[in-house]
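> According to our numbering, numbering within the sequence shown proceeds without interruption in unit steps and concludes at 163.
Built from N, CA and C at the ideal position, the CB exists for glycine as well.
Here the structure is a predicted model, which means the values were calculated and not measured.
Below are the structure tokens for one structure; questions will follow.
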Amino acid sequence: VPFVESNIIYTLIDDVERRLRLLLPKTDVVEVCGEAEVQQLFQVQHGKSPQLVAGCIVTDKLLQTGRISRDGERFAFRIVRAGVVVFEGSLKSMRHEKEEVNKVPAGMECGLIFEGNPVVLVGDVVQAVRIYQQEPTLV
């Protein structure tokens, strides 16, 4: 047990709080960076095998690929069906018309091909998310 001596109670309290926070686990925070709604599904030849393309319209903010993860931070795409996350992963391709793109803003249409070929249905919501860890707080 470490022994800490201080003449100022506030510095002692701050030190105890800092030590307690180090003992608590960090929590994952999910920030939604953009959303799109699946309007239509179709098959295309992508490489040697047919791939399912989710034809979407971006409804909120911005869908963006190619973002680099940093310390404790990662970026992913989620498929949400009836409020439940049914898939979390990355994209193989994001296209606007016939052009491969990195960003699609709200109001624009795009075609998405997901890694791992998850089940996608018309009406699903696609979310671009940033997931990072946050230090615990003491109440």
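Give the secondary structure of leucine 48 by DSSP, where H, G and I count as helix, E and B as strand, and everything else as coil.
Of the three classes helix, strand and coil, the one that applies to leucine 48 here is coil, per DSSP.
> Could you tell me the boundaries of the beta strand (DSSP E) in which alanine 152 lies?
Segment 149 to 158, the beta strand (DSSP E) holding alanine 152.
> If distances are taken between C-alpha atoms only, which option among Arg91, Val25, Leu44 and Phe138 comes closest to cysteine 57?
Of the listed residues, the one whose Cα sits closest to cysteine 57 is Arg91.
> Please state if the CB of alanine 130 and the CB of lysine 72 are separated by a distance shorter than 9 Å.
Contact: no.
> How would you label glutamate 59, buried or exposed, when you count the other beta carbons within 10 angstroms and need 16 or more for buried?
The residue is buried, with at least 16 neighbouring Cβ atoms inside 10 Å.
> Mind pulling the beta strand (DSSP E) runs of 3 or more residues that sit fully within the stretch 65 to 125?
Complete beta strand (DSSP E) runs here, min 3: 73 to 88, 97 to 105, 108 to 113 and 115 to 120.
> Go ahead and pull the three-state DSSP assignment for valine 40.
Of the three classes helix, strand and coil, the one that applies to valine 40 here is helix, per DSSP.
> By DSSP, does isoleucine 33 sit in helix, in strand, or in coil?
If DSSP states are grouped into helix, strand and coil, isoleucine 33 belongs with the helices.
> With H, G and I counted as helix, E and B as strand and the rest as coil, what does DSSP make of leucine 145?
In this structure, leucine 145 counts as coil in the three-state DSSP scheme.
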